[in-house]
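Written below as structure tokens is the structure these notes are about.
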Amino acid sequence: MLRITLLILLASGTLSAQLPKGIYAWWGRPEIRKDLKLTPQQERQIRATVQQFRPHLIDVRAEVNKSEIDLQAQFDHDPVDQIKATQAIEHLIAARSDLTRTLSELSLRLRVVLTEWQWQELQRRRPQGPGPAPTEDPGQQK
Amino acid sequence: MKHWTELDFHHWLYGIKEEDAHVAECPECRSELERLAKQRRRLTAEPEVSDAFLAAQRRSIHRRLENAPRLNFTAMRWVLSAAMLLLLMFGLTFRNWHKSAPPISDEQLFSDLSAMEQSAEPKAIQPMHGLFVQ
Numbered sequence: 213m214l215r216i217t218l219l220i221l222l223a224s225g226t227l228s229a230q231l232p233k234g235i236y237a238w239w240g241r242p243e244i245r246k247d248l249k250l251t252p253q254q255e256r257q258i259r260a261t262v263q264q265f266r267p268h269l270i271d272v273r274a275e276v277n278k279s280e281i282d283l284q285a286q287f288d289h290d291p292v293d294q295i296k297a298t299q300a301i302e303h304l305i306a307a308r309s310d311l312t313r314t315l316s317e318l319s320l321r322l323r324v325v326l327t328e329w330q331w332q333e334l335q336r337r338r339p340q341g342p343g344p345a346p347t348e349d350p351g352q353q354k
Numbered sequence: 023m024k025h026w027t028e029l030d031f032h033h034w035l036y037g038i039k040e041e042d043a044h045v046a047e048c049p050e051c052r053s054e055l056e057r058l059a060k061q062r063r064r065l066t067a068e069p070e071v072s073d074a075f076l077a078a079q080r081r082s083i084h085r086r087l088e089n090a091p092r093l094n095f096t097a098m099r100w101v102l103s104a105a106m107l108l109l110l111m112f113g114l115t116f117r118n119w120h121k122s123a124p125p126i127s128d129e130q131l132f133s134d135l136s137a138m139e140q141s142a143e144p145k146a147i148q149p150m151h152g153l154f155v156q
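Those sequence lines, one after another, are chains F and H.
As numbered in this note's numbering, the first sequence has no gaps in its residue numbers, which increase by one up to the final residue, 354.
As numbered in this note's numbering, the second sequence has no gaps in its residue numbers, which increase by one up to the final residue, 156.
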């Protein structure tokens, strides 16, 4: 049973890896704000949206961390309590699902504020792989 | 002539009505007027207070003032110092409590969230990952 659940968890991880990734606090970077040519009203809307989601995101982050620790504790326990371990897995799945849902909702709310061109520009600047987000547009280099 | 009514006497008592010829001639009304005047004098007269009574009263007041419990300034100083110390400790604790939970920046928060979201599997099962990957 535990083995099957682990397989499902891995599969869900792989699937979720295919979703749009790499959300970062681009609204806090002056060069990106400038390149996107955000209007003062857009900046206000973006800031308000992020502020609205922030408390829940902090809670979600804590919940995922806690669930990870709980699951690790179940794996380290000897003998393994399969029921408790399965519950910990379910808890972690729920927390990660909440994280994906909340980040997706936030992204959608921010997307609605942006124009098509701004969205494309932001997509182009999306960080590729690990490491910090790009800060300069290669096409605009002088 | 018509006798004074009760209202007439009341008006006379309050100075609204003057004595008239009827009161001067009518023994009944005159008698009632004198009775009321006497009663008013009695009621408005200053009470007679002897010097001995006043002296005794003064002595009593002085005695009470001398025997009144005085504030213990030494004890008050200690209480005040303790209160200040408690206030200081509370302030420092509150300040440290605030320091213990610094607000996280957007940069850090979203960096953490992104890393969490991008991790394919929980940390606990990473050692097992090799079993499922060719």
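By construction, the Cβ of each residue, glycine as well, lies at the ideal position given by its N, Cα and C atoms.
#1: Indicate the three-state DSSP secondary structure (helix, strand or coil) for residue 91 of chain H in the structure shown.
#2: With residue 41 of chain H as the anchor, note down where its alpha helix (DSSP H) starts and where it stops.
#3: Under the three-state reduction of DSSP, which class applies to residue 26 of chain H: helix, strand or coil?
#4: In the segment 236-300 of chain F, which residue ranges form an unbroken alpha helix (DSSP H) of at least 4 residues, counting only runs that do not cross its ends?
#5: Do the CB positions of residue 114 of chain H and residue 273 of chain F come within less than 7 Å of each other?
#6: Buried or exposed for residue 127 of chain H, going by 16 or more other Cβ atoms inside 10 Å?
#7: Following the continuous alpha helix (DSSP H) through residue 66 of chain H, name the residue where it begins and the one where it ends.
#8: Just the C-alpha distance for residue 319 of chain F and residue 151 of chain H, rounded to the nearest angstrom, thanks.
#9: With a threshold of 7 Å on Cβ separation, who are the neighbours of residue 331 of chain F within its own chain once the five nearest residues in sequence on each side are excluded?
#10: Suppose the cutoff is 6 Å on Cβ atoms and the five residues either side in sequence are ignored; what does the same chain contact list for residue 354 of chain F look like?
#11: With a threshold of 7 Å between beta-carbons, can residue 144 of chain H be considered close to chain F, or not?
#12: So is residue 350 of chain F buried or exposed if we call it buried at 16+ other beta carbons inside 10 Å?
#13: Just how far apart, CA to CA, sit residue 298 of chain F and residue 133 of chain H?
#14: Against chain H, does residue 284 of chain F count as a neighbour if the rule is that its beta carbon must be under 7 Å from one of theirs?
#15: Under a three-way DSSP split, which group does residue 314 of chain F fall into?
#16: Can you check whether the C-beta of residue 273 of chain F is within less than 7 Å of a C-beta belonging to chain H?
#17: Using a 10 Å radius around the Cβ and a threshold of 16 neighbouring Cβ atoms, would you call residue 286 of chain F buried or exposed?
#18: Taking three-plus beta-carbon pairs below 8 Å as touching, is the segment 298-315 of chain F in contact with the segment 262-281 of chain F?
A quick look at the data gives this:
#1: Coil.
#2: Premise fails: residue 41 of chain H is in no alpha helix (DSSP H) and is neither H nor E.
#3: coil
#4: You should have 242-248 and 252-288.
#5: no
#6: exposed
#7: 49-66
#8: 31 Å
#9: 323
#10: Confidence in residue 354 of chain F is poor, its pLDDT being 33 and thus under 50, which makes the residue's placement unreliable; the coordinate value appears in the next sentence. Excluding positions up to five away in sequence, the list is empty.
#11: yes
#12: Model confidence at residue 350 of chain F stands at a pLDDT of 42, short of 50, so the residue's coordinates are unreliable and nothing is read from them.
#13: 29 Å
#14: yes
#15: helix
#16: yes
#17: buried
#18: As far as the Cβ criterion goes, the segment 298-315 of chain F touches the segment 262-281 of chain F, which means the pair count is three or higher.
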